[in-house]
Amino acid sequence: MNAPPPAAIPSDLADALHALQEDRLDAAGLATLERRVLGDPAAMRAYLDLTAVHGALAYDAGTLSSSALPALTLAKEPAAPNANRWRLPLALAASLALLCGLTFVLRPGGVPEPADLAATGQGPTVDGVEPRPSPVEPATPVTPPSRPTREFFPEVAAVPPAPSTPADGQADDRTIAAVVPRGELVAQIDAALARGWSEAEVEPSPEAEPGEWLRRAWLDFAGHAPTPSDVDRFLADERPDRRERELDRLLSGDAFASHLAERWTTALVGRAPREGVDRSGLRDHLTDQFARNVGWDFVAADLIAATGDVKQAPAANFLVAHVNNQAVPATAVTSRVLLGTQVQCMQCHDHPQNGGTEWSQERFWELNAFFKGTDVVRRPASEGGRVAALEASAEGGPTFFEDRRGVMKATFPKFAGETIEAADGRREKLAELLLSDDRRLPAKSFVNRAWAHLFGAGLVNPVDDLGPHNPASHPAVLDALTDRFVATGYDVRDLYATLAATRLYRLSGAATDGNAFDTPIAGKIPLFTRCYPKPLTVEQTFDSLAAVSGRPIDPAARDEWVAGFVRRQANDENSEDLAPVTDIPRALALMNGEAMEDALAVASSGSSRWAEPEDLDDVFLAALSRPPTAWERRRLAPLVRTESGLQDLRWALLNSGEFATVP
Amino acid sequence: MPEPDEQFLRDFTASQRRLFLTILSQVGRPADAEEILQNANLAIWRKADTFEPGTNFNAWSATVATYEVLKWREKRGRDRLRFSDEFVAAVAREAEADPGLWEERRRVLERCVEKLPRKDRDLLTRRYTPGSDGSEVQGKEVAEMLGRPVNAVYQSLGRIKKTLAECVRRELTQLGAPTTGIAT
């Protein structure tokens, strides 16, 4: 036993904490205080002792006495409406895993009805989500990545197993014929949304104007605004099926693959540079996969199971980014991004209903154990230098973790009731189990993200928080789309073509007086009475500036520009920079810099309409893909007559909210 | 919802100070800790029927409180100066290891406050007695009340708190208890 610590408390610590308590501490001071406390057990003790004094004085002086009791009278009020909306910072996953763990993702068996949650309005508690015995044994594993089994998808049984065909990039027609034809599914979706509208007694927004629709389709599928000549071409096209033709063109274009790859790369490894991660290598890999329309099940399985160095196996970048820290981030990010479920401990204690044996903490480590035996190493690269690689370590056996009582426990990898004891091939096995699990989370999660990508809000929101505690706004739509996605061999292009064919995608993004209340803000159930506008991502912004001014899309220049937007919070590693960067003031500040100057420069290579506009139409059509409204014409008429008025208007439109939005 | 039994109520009432201090150690400001304590109380009350009688109420409620801290941080904490996640997790772990010296500390602290010079005690009372609207009175308002320079009052308060913390440590050591719950 050591001697008790001396009574003296370091002055610098006392001063810093005092400053905090008196609201005088700045961010730098706070950071210093943190470092001090985290780095030295004696400082931690001093911190707690000083806090105890301050707290006890505040408590005893009566600050608390009056407020703690009213809480009791409030106790029977409904829970805070947002109780199930908050999201756990990923960086806390490590400590929280020790407290609780995955609550529903990893639970074997069926997904319980959310009925009682809805009825009481309670937040997600483990208690409300009682595990049930597994209704069926997990589907017979097929060679990874597995196909849905016939048992669950009888319609698949009618046709021979049809893996998606990377070679020709199109899903097998026979497979599609065996499921609901696309037109029928689209009609079902339209009808389901219309039912919701009539129940809420609200009319949807009218159809989008051609220019608005075109801009949306280009930003969604090509990742940037249409060029002025594309606008001209589309608006001059009078064929009744010009939209379908445009969609075909966009969906089969290279830009669709690279835009989707950019979005997924950001979701998988974020935007900020990471040790060992070759971000653009991963993006190139995904671009290739999307361009060849490889089934998403293959792509996802590859991300989970890849081994080798990131140059030869670019999919390995995903785990190179996340297997640090005992693979806790890998466990959490895999759940969130690929399964659409959060490592979220809703409440952290035993489940009495379950005899106290069902520790959700254990579920977390059971999933985590699949990543055990995977190390990130540095290998010499052929072109010199070193390159990160995923390598199997010699370490097999169980994973050890400490439970809340401080008892050491051990677990083998386990998912959906199946335990894997072998040391090697654990990640391959995980990919197989995830894809054969009857909850179909990888498919459902992808469908929900694609829906949110096009319509501005997910069927489930947040998009990565699927689960019985957070039901979909239109569950039948989500299920039907997931059915088709799985049955077509996770055909990404088919999914997007289906979504884009809906009535919703043709609706205007602008609200009417009648449906203005229908906005996709957190906590509200979206009715999709319009195609909600979406803010441009930084990548879309940069590429649109190039497209409008007739310059080529330059991914390298874009990456450099985007780097200026990446915000990283110290200590929040592996999570914070996964958030989309939509800091508009900052974006504008940067836009007014070089990128904006380039867009406005009268470049010889630029389109003449943009470089030397002759009238209002030239400027509006190029910048916003639409002609000016009558009101705008009236208001701006004087400007046209002033010298360089149109030039100034270009700047104004590029800085407008309309330019910064996918309509 | 079944009514919580008497034992639950007793445990609940007794836990308040401990919970407040646990939360405070994770957020720094009494006003914030107070708000979170209210949320935690709501949650504890709501989940009362899931608590298994006979198990450790303190550990259970501390976990609920930790959850409420996280929730609050997520909801309210983004826009202001706050501790890092790593720090909060470390402090939560540390506070959880404390087996319940809070009551002991309180009695000791009372004695230590009594030992203070009258002037210092007066300053403390003004600083910690809630304002007429129930809000926290900060050092600079105390200075205004006393007509003393803000910095002088600020310095005095810092010194008094440090003195008290050291006094508590000494007293606890004499009582034979470690200064915190960490086994030494």
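Listed in order, the protein sequences are those of chains A and B.
The opening residue of the first sequence carries number 1 in UniProt numbering; numbering runs sequentially from there.
The opening residue of the second sequence carries number 1 in UniProt numbering; numbering runs sequentially from there.
Heads up, the beta-carbon is just placed ideally off N, CA and C, and yes, glycines get one too.
Check                                                                                                                         : Outcome
Segment contact, 8 Å Cβ cut-off, at least three pairs: the segment 644 to 658 of chain A with the segment 27 to 37 of chain B : no
Span separating the alpha-carbon of Arg493(A) from that of Asp11(B)                                                           : 59 Å
CB contact below 8 Å: Thr51(A) versus chain B                                                                                 : yes
Interface partners of Val37(A) on chain B, CB under 8 Å                                                                       : Phe87, Ala90, Val91
Exposure of Gln21(A), with buried meaning 16 or more beta-carbon neighbours within 10 Å                                       : buried
Closer than 8 Å to chain B by CB, Ala327(A)                                                                                   : no
Helix, strand or coil at Pro526(A) [DSSP, three-state]                                                                        : coil
8 Å Cβ cutoff, residue 670(A) in contact with chain B                                                                         : This structure leaves residue 670(A) out entirely; chain A is present only between 1 and 663.
Given Ala40(B) as reference, the closest of Glu6(B), Arg17(B), Gly54(B), Arg121(B) once Cα atoms are compared                 : Arg17(B)
Under 7 Å by beta carbon: chain A residues contacting Gln174(B)                                                               : The contacting residues do not exist; Gln174(B) stays about 10 Å from chain A at best.
Three-way DSSP call (helix, strand, coil) for Gln16(B) in this model                                                          : helix
Proximal residues of chain A, C-beta to C-beta of Gln138(B) below 8 Å                                                         : Glu22, Asp23
Residue nearest to Val202(A) in terms of C-alpha spacing, selected from Pro314(A), Glu418(A), Ala511(A)                       : Ala511(A)
Sub-8 Å separation of Leu50(A) and Ala14(A) beta-carbons                                                                      : yes
Arg118(B) - DSSP class collapsed to helix/strand/coil                                                                         : helix
Where Glu643(A) meets chain B, residues with beta-carbon distance less than 8 Å                                               : Per Cβ cutoff of 8 Å: no residues; Glu643(A) is ~45 Å from chain B at best.
Local conformation of Ala261(A) per DSSP, three classes                                                                       : helix
Neighbourhood of Trp451(A) by C-beta, 7 Å cutoff - its chain only, sequence neighbours within 5 removed                       : Gly458, Leu459, Leu499
CB contact check: Glu166(B) to chain A, cutoff 8 Å                                                                            : yes
Chain A within 8 Å of Phe8(B), Cβ atoms only                                                                                  : no
Identity of the residue in Gln326(A), Thr287(A), Gly281(A), Gly295(A) nearest Phe318(A) by Cα                                 : Gly281(A)
Length of the line joining the Cα atoms of Trp60(B) and Phe51(B)                                                              : 8 Å
Same chain, Cβ closer than 6 Å to His18(A), five either side skipped, listed in chain order                                   : none
Of the listed residues Glu614(A), Trp365(A), Gly223(A), nearest to Thr661(A) (C-alpha basis)                                  : Gly223(A)
Under 8 Å from the C-beta of Asp40(A): neighbouring residues of chain B                                                       : Neighbours of Asp40(A) on chain B: none; closest Cβ ~12 Å, over 8 Å.
DSSP beta-bridge partners of Val662(A)                                                                                        : Lys534(A)
Beta-carbon gap between Ala208(A) and Ser508(A) smaller than 8 Å                                                              : yes
Three-way DSSP call (helix, strand, coil) for Lys444(A) in this model                                                         : helix
Proximity to Trp561(A) [Cα-Cα], best of Tyr59(A), Pro41(A), Arg271(A)                                                         : Arg271(A)
Same chain, Cβ closer than 8 Å to Trp86(A), five either side skipped, listed in chain order                                   : Because the pLDDT of Trp86(A) is 26, which lies under 50, any placement of that residue in the model is unreliable, and the question is left without a value.
Cβ-based burial, Ser205(A) [other Cβ within 10 Å; buried from 16]                                                             : buried
Cα-Cα separation between Ile9(A) and Gly54(B), rounded to whole angstroms                                                     : 39 Å
Bounding residues of the alpha helix (DSSP H) (the contiguous stretch that carries Pro30(B))                                  : 30 to 46
Minimum Cβ-Cβ distance from Glu34(A) to chain B less than 8 Å                                                                 : yes
Cα-Cα separation, Asp554(A) to Phe256(A)                                                                                      : 15 Å
Euclidean distance between Cα positions of Asn58(B) and Ala14(B)                                                              : 9 Å
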